[in-house]
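Numbering (this note's numbering), first residue to last: 267 to 519.
What follows is one structure encoded as structure tokens, with my remarks underneath.
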Amino acid sequence: MFEPTDTQGRATAFESIAPYYDHLMRTVPYRMWVGYYLLLLSVIDSHPKSILEVGCGTGSLCKLLYEEGFDMTGLDLSESMIQEAKVRHSQLPIEFIRSDARTFELNRVFDGVFSFFDSLNNVLTLSDLQQAFQHIYDHLIPEGSFVFDLNTPYAFEQKLFDQRSMAKKAKLKYNWVGAYDPQTKIIKVNMEFWWQDNHFTEVHFQRAYDPDEVIPLLEAVGFTSIRCYHSYGLEPPRKTSDRVHFVAKKPSA
């Protein structure tokens with residue numbers, strides 16, 4: 267059994283991979299994710315102008331949403347990812363900030379906050395997740411929206427993180443092996459990468475979350491209008507949902 271602290275679990279995460287992260291994610295349908303985010307906003311009748319992305323990585327979604335007309339700010343714990351975002355989008359008026367989702371203090375509020383690509387699964391305890399929810403709540407205007415996704419236990423049981431790409435012609439080769447502990451709901455993923463002659467490793471930890479665990483945490487910090495969906499649609503979660511999207515609002519003052 268293992269139950270690392272967030273500091274241990276994130277010590278090597280998203281640092282060495284940062285220069286190659288966009289190449290790793292090149293097949294991700296970012297525009298589809300933007301479309302789904304806009305759909306979820308419409309479901310809860312939310313019309314933000316200023317948006318904070320928690321776990322922004324290299325800023326790909328921030329860029330696309332800026333092009334949709336939103337005032338974007340990105341936040342991420344990884345210094346290397348934030349530096350990549352700043353370089354890649356230096357011509358855009360997007361602020362990228364290194365900070366922890368559990369403790370950030372930006373001294374301003376936003377119309378909306380979102381966190382995609384299971385970023386919040388990197389928070390490894392219920393108490394820390396509630397702490398992150400509290401800081402997000404505090405950075406929203408009254409009636410502000412919060413949209414996010416989480417991997418479920420089913421995802422880890424199905425070996426989501428066991429992935430391998432070793433094709434000779436591939437610029438970035440990788441081999442990932444996950445070890446999941448159903449008692450703690452934590453998975454440890456040993457990741458090995460090769461970029462040309464550069465070989466490096468990372469160790470990632472994630473905790474799986476069930477909606478029944480998450481909704482009480484949202485309610486505890488004050489969120490209302492809470493809904494959750496089998497990802498990429500508007501159907502309720504099912505036993506085979508490997509990812510669940512949540513929407514919530516901060517009540518009016």
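Even for Gly, the Cβ is constructed at its ideal location relative to N, Cα and C.
Only a predicted model underlies this, so the values are computations on that prediction, with no experimental measurement involved.
Mark residue i as exposed unless 16 or more other C-beta atoms lie within 10 angstroms of its C-beta, in which case mark it buried.
i, result
"Arg504", "exposed"
"Met432", "exposed"
"Arg368", "buried"
"Met267", "Caution applies to Met267, whose pLDDT of 39 falls short of 50 and renders its modelled position unreliable; the value that the coordinates give is listed next. With fewer than 16 Cβ atoms within 10 Å of its Cβ, Met267 is classed as exposed."
"Lys437", "exposed"
"Gly499", "exposed"
"Ala486", "exposed"
"Lys425", "exposed"
"Thr418", "buried"
"Ala277", "Interpretation of Ala277 is limited by its pLDDT of 47, a score under 50 that renders its predicted location unreliable; the figure taken from the coordinates is listed afterwards. Classification of Ala277: exposed, given that the 10 Å Cβ count is below 16."
"Lys435", "exposed"
"Thr324", "buried"
"Thr490", "exposed"
"Val294", "exposed"
"Ser381", "buried"
"Thr467", "exposed"
"Asp394", "buried"
Where do the N-terminal and C-terminal ends of the beta strand (DSSP E) with residue i fall, by residue?
i, result
"Met551", "Since the first residue of the chain shown is 267 and the last is 519, residue 551 is not available in this structure."
"Glu350", "That residue, Glu350, is in no beta strand (DSSP E); its alpha helix (DSSP H) goes 345-354."
"Leu290", "Counting along the chain, Leu290 falls outside any beta strand (DSSP E), though it belongs to the alpha helix (DSSP H) covering 287-290."
List the whole-angstrom C-beta distance separating residue i from residue j, where the pair is believed to meet the contact cut-off of C-beta under 8 Å.
i, j, result
"Leu304", "Phe399", "Going by Cβ atoms, the distance from Leu304 to Phe399 rounds to 22 Å, so no, they are not a contact pair."
"Gln472", "Asn387", "4 Å"
"Phe512", "Phe414", "6 Å"
"Pro314", "Ser411", "6 Å"
"Tyr420", "Ser507", "7 Å"
"Arg374", "Glu345", "Actually they do not touch by this definition, with Cβ atoms about 22 Å apart."
"Met338", "Glu319", "7 Å"
Starting from residue i and walking both ways along the alpha helix (DSSP H), at which residues does that stretch end?
i, result
"Ala507", "Before going further, note that residue 507 is Ser rather than Ala in the sequence given. Element bounds for Ser507: n/a, residue is neither H nor E."
"Val309", "296-309"
"Leu330", "326-333"
Could you pull the DSSP bridge partners for residue i from this structure?
i, result
"Ile363", "Leu341"
"Ser316", "Asp337"
"Lys515", "Ser411, Thr490"
Where in the region 371-438 do unbroken runs of the alpha helix (DSSP H), each at least 4 residues long, occur, reported from the N-terminal end onward?
-> Secondary structure in the region 371-438: the alpha helix (DSSP H) runs of 4 residues or longer, each lying completely within the stretch, are 392-404, 419-423 in chain order.
Which runs of the alpha helix (DSSP H) spanning at least 4 residues fall entirely within the region 438-498, listed in chain order?
-> Qualifying alpha helix (DSSP H) stretches, in chain order: 477-487.
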